[in-house]
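Trainee: This is the structure I have questions about; it appears just below.
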Amino acid sequence: MLVTAAMDALAHRLADHTERPVTSDPTRVSATPCVLVEPPSIEPTTATLCGALLYRYSVLVIGLPGARAELAPLADLVEEITGALDDLGIGWTLAEPVAYVPLQDPAAAEPCQAYRITVEELDR
């Protein structure tokens, strides 16, 4: 599977489970909260006879910059996305808080609050 097609497919599947914007294009991160599917790392696996590849994505759930009061909408979206991953049968292993600076505003006074969710999926 092509990397861009895999990213787009995951973004579309997640978009079906939320009202918030979901994209695999970092230049389209403008409205927040939103979700960004980043390019995956790819590793071969010998777990199956067919020589599947393991795609390991970072899915960024991006909130607003600023105070702790902005954490509630972000937490709600993280819960929505991890629930969608569970419903879709897509494995996720970690959701960790990170800072995110949108490409459109690298000089922003504060980075956006975000969570990076590590997602693993086999491509056969």
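Take the sequence shown: its letter number 36 is residue 1139 in the working numbering, and every next letter is one higher.
Note that CB positions come from ideal geometry on N, CA and C, so glycine has one too.
1) Using 8 Å for Cβ pairs, my map puts residue 1147 next to residue 1177. What's the rounded Cβ distance?
2) Can you tell me which of the three DSSP states residue 1169 falls into?
3) Compute the beta-carbon to beta-carbon distance between residue 1110 and residue 1140, rounded to the nearest angstrom, for a pair I have assumed lies under 8 Å.
4) Mind pulling the beta strand (DSSP E) runs of 3 or more residues that sit fully within the region 1104 to 1185?
5) Cutting at 6 Å between CB atoms, please list the residues of its own chain near residue 1205, excluding the five before and the five after it.
6) Would you please state the rounded distance, in angstroms, between the beta carbons of residue 1142 and residue 1106? I believe it to be under 8 Å.
7) Would DSSP call residue 1206 helix, strand or coil?
Mentor: From the atom records:
1) The beta-carbon distance between residue 1147 and residue 1177, rounded to whole angstroms, is 35 Å. This is too long to meet the 8 Å contact definition.
2) Shown here, residue 1169 sits in coil according to DSSP, grouped into three states, outside any helix or strand.
3) The C-beta distance from residue 1110 to residue 1140 rounds to 5 Å, short enough to meet the 8 Å contact threshold.
4) Assignment of beta strand (DSSP E) within the region 1104 to 1185, counting only whole runs of 3 or more residues, yields 1137 to 1140, 1144 to 1147, 1156 to 1168 in chain order.
5) Correct list, in chain order: 1132.
6) The Cβ separation is near 6 Å, so the contact holds.
7) Three-state result, residue 1206: coil.
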